[in-house]
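Undergrad:
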Amino acid sequence: MFLLDFGYDKSLEIQRVFNTFYFVVIGLGIGVTILRYIEKLKEIKRSVIIFDVVTILITLNILYAHFLGEEAHKHISFLYNDNWVKFAILLTFIREFSEQNISYKKTLMNPAQLFIMSFFGIILVGTLLLMLPNATYEGLSFLDALFTSTSAVCVTGLIVVDTGSYFTVFGQSVILALIQAGGIGILTVASYFSYFFKGGSSYENQQTLSDMTGANKLGEVFTTFKRILAITFSIEIVASVLIFVSVRKDLFESFFERIFFSVFHSISAFCNAGFSTLSNSIYEEGFRYNYMLQLVLIVAFVLGGLGFPIVVNLLKYIKYFINRKVFYLSGMEETYKPWVLHINSRISLVTTAILTIVGTIAFFIDEYNNTLAEHSGFGKFVTALFGATTPRTAGFNTIDMAELHFSTVMLIFFLMWVGASPASTGGGIKTNTFAIATLNFLSLAKGKTKIEIFRREIAEISVRRAFAAISLSLMVIGTGIILISIFDKDMKLLDIAFECFSAYSTVGLSLGITAALSPLSKFVIIAIMFIGRVSMLTILIALFKKVKQKNYRYPTEEITIN
Numbered sequence: 003m004f005l006l007d008f009g010y011d012k013s014l015e016i017q018r019v020f021n022t023f024y025f026v027v028i029g030l031g032i033g034v035t036i037l038r039y040i041e042k043l044k045e046i047k048r049s050v051i052i053f054d055v056v057t058i059l060i061t062l063n064i065l066y067a068h069f070l071g072e073e074a075h076k077h078i079s080f081l082y083n084d085n086w087v088k089f090a091i092l093l094t095f096i097r098e099f100s101e102q103n104i105s106y107k108k109t110l111m112n113p114a115q116l117f118i119m120s121f122f123g124i125i126l127v128g129t130l131l132l133m134l135p136n137a138t139y140e141g142l143s144f145l146d147a148l149f150t151s152t153s154a155v156c157v158t159g160l161i162v163v164d165t166g167s168y169f170t171v172f173g174q175s176v177i178l179a180l181i182q183a184g185g186i187g188i189l190t191v192a193s194y195f196s197y198f199f200k201g202g203s204s205y206e207n208q209q210t211l212s213d214m215t216g217a218n219k220l221g222e223v224f225t226t227f228k229r230i231l232a233i234t235f236s237i238e239i240v241a242s243v244l245i246f247v248s249v250r251k252d253l254f255e256s257f258f259e260r261i262f263f264s265v266f267h268s269i270s271a272f273c274n275a276g277f278s279t280l281s282n283s284i285y286e287e288g289f290r291y292n293y294m295l296q297l298v299l300i301v302a303f304v305l306g307g308l309g310f311p312i313v314v315n316l317l318k319y320i321k322y323f324i325n326r327k328v329f330y331l332s333g334m335e336e337t338y339k340p341w342v343l344h345i346n347s348r349i350s351l352v353t354t355a356i357l358t359i360v361g362t363i364a365f366f367i368d369e370y371n372n373t374l375a376e377h378s379g380f381g382k383f384v385t386a387l388f389g390a391t392t393p394r395t396a397g398f399n400t401i402d403m404a405e406l407h408f409s410t411v412m413l414i415f416f417l418m419w420v421g422a423s424p425a426s427t428g429g430g431i432k433t434n435t436f437a438i439a440t441l442n443f444l445s446l447a448k449g450k451t452k453i454e455i456f457r458r459e460i461a462e463i464s465v466r467r468a469f470a471a472i473s474l475s476l477m478v479i480g481t482g483i484i485l486i487s488i489f490d491k492d493m494k495l496l497d498i499a500f501e502c503f504s505a506y507s508t509v510g511l512s513l514g515i516t517a518a519l520s521p522l523s524k525f526v527i528i529a530i531m532f533i534g535r536v537s538m539l540t541i542l543i544a545l546f547k548k549v550k551q552k553n554y555r556y557p558t559e560e561i562t563i564n
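In the numbering used here, the protein residues as written are 3 to 564.
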C-alpha cells in the first residue's frame, strides 16, 4: 500500500480508501499490543513498555486530530496530516515485525553469504523504488535505477543523473534510506529491534551475528549493535543541527527544504556516501565558501570512516582520561588500566592522522595557485583539509575536479585506494591493511622475522589478510579498467582508472565521465562498487567451502622473491 501510495498519483476517492485501510491497520496494531500485555505482562521489559506507551499515545493523538474535527485542530493541528498517519503505520510495522522470529541458519547460509545477500536484497528493493513514477520527474531506466541504488547502498556516491534536480523529494528520501541501510547494515537494525522487543536471541543467531560484526564475545553482539545505532544516530542528529545552523536561509525556498538538506547531508557524510542534493556538490555557489559547513562535514565523515569499534574505544579512552584527570585534581587516585586504547585503534588513528596531515600539506602546496587561489588564508587550509580527507571514501567535493593538477590527481588515487578504517562505513583496502603492509617491509628491511608495533606482535593471519586485500583490490580495479577501456575506447585511461578506484573504494569522486559511460561499462562500475563495499575477500569466503583444520604440516620451503 505504501508503494502504491507514495509511488503513484491517485484520485481523492482512492486516497480516502487508502486512509481508511491505514486507520484499520492502526486500530489492529493498538488492539494487538493491548492483547500482548494481557497474555504476557510479566515477560515484557520496561524499555518495551515505555516504547509501547509512547507509540500508542502518539497514535491516539493522530487519530484524535483526524476524527474530532475543528476542536482538535486548534490544539494539535500539526498532526492533521496524512504523513503523520503513515508515521503511525511505520511505528506499528516496526513493533509487529520485531515480534517475528528472525533466524539465521548456518546450514542455509554462512555469515559471509548472509552479509552479501542482505546488500543484494536492499539494492534490488531500492532499484524498484527508484523506478516508481513519483520517485523522479522524468522516469528512470532499470540500469540507471540499479546504478543509483547500488551507489547509495554501497555508500559510493557516483551518479548517472543529478540527485537534486532529477529525483523528487520521495526519490531523494528513498536514496537517503538506502544510504542509511547500507551504512549501518539492514541486518544490524532488524536484529537489534528483534532483540529489543523479544528480550533475547537464539545461540545460533548470536554466533552468526558475532561472525559478521567481529564481536569478541557472544554476549556482546547486541551491545555492539546498540552502540552502533546510538553512535550513528547521535552523530547524525548533531551534524544535522550544525549544518542547519551553518547554511544561509536565503539559499532555500522553504523551512522544510533547509531541514531536508541538513538531514540528507548529515547522513550522507557520516555514512561516507558523498551524495548531495546540490548539482555541483559543495562546490555549488553559496556553499563553496561556507567553511563552517565544510568543517562539520569533515568531522562527520572522518568519524564515520574511523569505524564503530574504534569510535566506541576512543570514547571509552576519553572517558577514562577525563576521570583520571578529575581524580588527580581532587587528590585521589584512580586504578590504572593498561591498554584502554586497543592496538587496533592505535594503528588506525595514527595511520589516519598521518594520511590526513601529509595529504593536507601536499594538497595545499600543489593547489595553492590553482584550485585554492579563489580562497582566503583560512579558506585555503579548510579546502585543502577537505580535499585530503574526502578521497578517503567521503566523496564530496569543494573544488572543480577537472581543474586539478595531475600530481594532485595521483595523490587522490592513493588516498582513495587506502580508504577508511575497518568496520566503518567507508571502503578501500583500509588503513590497518596499509599500515601492516608498510610495517612489513620496514621489518624486512631491518632483518626482523616478525612485525612489532606498540610493544605488540602482529598476528600472522592479520598479515596474510592484509596482503590478500591488497592483491584482490588491484585485481578487481585492474580488471575493471581493462573492461571499460574495451567498452569505451574513446575515453581517457586516467578518467577510467579514476572511476574504477573511486568505485572500488566507495568514494564517489569522478572526473566527469560517469553519466557518459556505456551500458556495459555501467554494469562494470556497479559490480566494482558492490565488490568494494562487501570486499572481495568476503565474496571468496562465501563462495568457497571452509576446509577443516588438519593436524599435519608439510616441510617448510623458502621461495625466491627478490
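Don't be surprised by glycine CBs; every beta carbon is placed ideally from N, CA and C. Small disclaimer: the values here were computed from a predicted structure and weren't measured.
Which class does residue 74 belong to by DSSP, given the choice of helix, strand or coil?
TA: The pLDDT assigned to residue 74 is 49, lower than 50, so where the model puts this residue is not dependable; a value taken from the coordinates is nonetheless given after this. Residue state, collapsed to three classes: helix.
Undergrad: Identify the residues that DSSP records as bridge partners of residue 138: which are they?
TA: Paired residues: 169.
Undergrad: Helix, strand or coil for residue 563, going by three-state DSSP, please let me know.
TA: Here residue 563 sits in coil by DSSP.
Undergrad: Please classify residue 125: does DSSP put it in a helix, a strand, or coil?
TA: Of the three classes helix, strand and coil, the one that applies to residue 125 here is helix, per DSSP.
Undergrad: Relative to the C-alpha of residue 507, which residue among 307, 67, 442 and 366 is closest?
TA: Nearest C-alpha to residue 507: 307.
Undergrad: Who are residue 455's beta bridge partners in DSSP?
TA: The partner list for residue 455 (beta bridge, DSSP) reads 458.
Undergrad: Give me the residue from 489, 388 and 351 with the minimum Cα distance to residue 525.
TA: Closest by alpha carbon: 489.
Undergrad: Taking only the alpha-carbon atoms, compute the straight-line gap between residue 80 and residue 460 and give it to the nearest angstrom.
TA: Confidence is the limiting factor: at residue 80 the pLDDT is only 47, short of 50, which leaves the residue's position unreliable and the question unanswerable from this model.
Undergrad: Please confirm if residue 460 has its CB atom under 8 angstroms from at least one CB of chain B.
TA: Considering every chain present, this structure includes no chain B. It has just one protein chain.
Undergrad: Helix, strand or coil for residue 465, going by three-state DSSP, please let me know.
TA: In this structure, residue 465 counts as helix in the three-state DSSP scheme.
Undergrad: In or out: residue 311 buried (at least 16 other Cβ within 10 Å) or exposed?
TA: Buried is the call here.
Undergrad: Measure the beta-carbon distance from residue 241 to residue 271 and round it to whole angstroms, keeping in mind my assumption that it falls under 8 angstroms.
TA: That pair is a contact at about 6 angstroms.
Undergrad: Of the residues 281, 97, 313 and 138, which one's Cα is nearest the Cα of residue 160?
TA: The shortest C-alpha separation from residue 160 is found at 281.
Undergrad: Which value, in whole angstroms, describes the spacing of the CA atoms of residue 64 and residue 237?
TA: Looking at the two C-alpha atoms, the distance is approximately 29 angstroms.
Undergrad: Note down, in chain order, each residue of its chain lying with its Cβ closer than 6 angstroms to the Cβ of residue 148, except the 5 sequence neighbours on either side.
TA: Result list for residue 148: 129, in chain order.
Undergrad: Leaving out five residues on either side along the sequence, give the residues of the same chain with a beta carbon under 6 angstroms from the beta carbon of residue 520.
TA: Closer than 6 angstroms at the Cβ level, and outside the excluded window around residue 520, lie 489 and 490.
Undergrad: I'd like to know whether the C-beta atoms of residue 261 and residue 544 end up nearer to each other than 8 angstroms.
TA: Contact flag unset, no.
Undergrad: As an exercise, report each continuous alpha helix (DSSP H) stretch of at least 4 residues that is fully enclosed by the region 284-363, in chain order.
TA: Counting only runs of 4 or more, we get 293-308 and 310-331.
Undergrad: If I follow the unbroken alpha helix (DSSP H) through residue 38, where does it start and stop?
TA: Its alpha helix (DSSP H) spans residues 14-42.
Undergrad: Given residue 137, which residues of its chain have a CB within under 8 angstroms of its CB, disregarding the five upstream and five downstream residues?
TA: Within the same chain, residue 137 has close Cβ partners 9, 131, 169, 170, 172, 173 and 176.
Undergrad: By the three-class DSSP mapping on this structure, what secondary structure does residue 533 have?
TA: Of the three classes helix, strand and coil, the one that applies to residue 533 here is helix, per DSSP.
Undergrad: Closer than 6 angstroms by C-beta to residue 265: which residues in its own chain qualify, once you throw out the five before and the five after it? Chain order, please.
TA: So the list reads 242, once near-sequence residues are dropped.
Undergrad: Using the rule of at least 16 other Cβ atoms within 10 Å of the residue's Cβ for burial, across every protein chain shown, is residue 518 buried or exposed?
TA: The residue is exposed, with fewer than 16 neighbouring Cβ atoms inside 10 Å.
Undergrad: The alpha helix (DSSP H) that contains residue 506, what's its start and end?
TA: Residues 495-506.
Undergrad: Can you check which of these residues, 349, 553, 557 and 548, is closest to residue 115 by C-alpha distance?
TA: For residue 115, the nearest C-alpha among the options comes from 548.
Undergrad: When the distance is taken between beta carbons, is residue 96 closer than 8 angstroms to residue 27?
TA: Result no, Cβ atoms of residue 27 and residue 96 do not sit closer than 8 angstroms.
Undergrad: Looking at the structure shown, is residue 242 part of a helix, part of a strand, or coil, going by DSSP?
TA: In this structure, residue 242 counts as helix in the three-state DSSP scheme.
Undergrad: So residue 265 is in the alpha helix (DSSP H); what residue range does that whole segment cover?
TA: Residues 257-272.
Undergrad: Find the nearest neighbour of residue 479 within the set 462, 501, 458 and 466, judged by alpha-carbon distance.
TA: Out of 462, 501, 458 and 466, 501 has the C-alpha closest to the C-alpha of residue 479.
Undergrad: Could you check the C-alpha separation between residue 46 and residue 487 for me, to the nearest Å?
TA: Approximately 60 angstroms between the Cα atoms of the pair.
Undergrad: Please report the Cβ distance between residue 350 and residue 434, rounded to the nearest whole angstrom; I am assuming they are in contact, meaning their Cβ atoms lie under 8 angstroms.
TA: Indeed they touch by this definition, with Cβ atoms about 6 angstroms apart.
Undergrad: Using a Cβ-Cβ cut-off of 6 angstroms (strictly less than) and excluding sequence neighbours within five positions of residue 354, which residues of its own chain qualify?
TA: So the list reads 433, once near-sequence residues are dropped.
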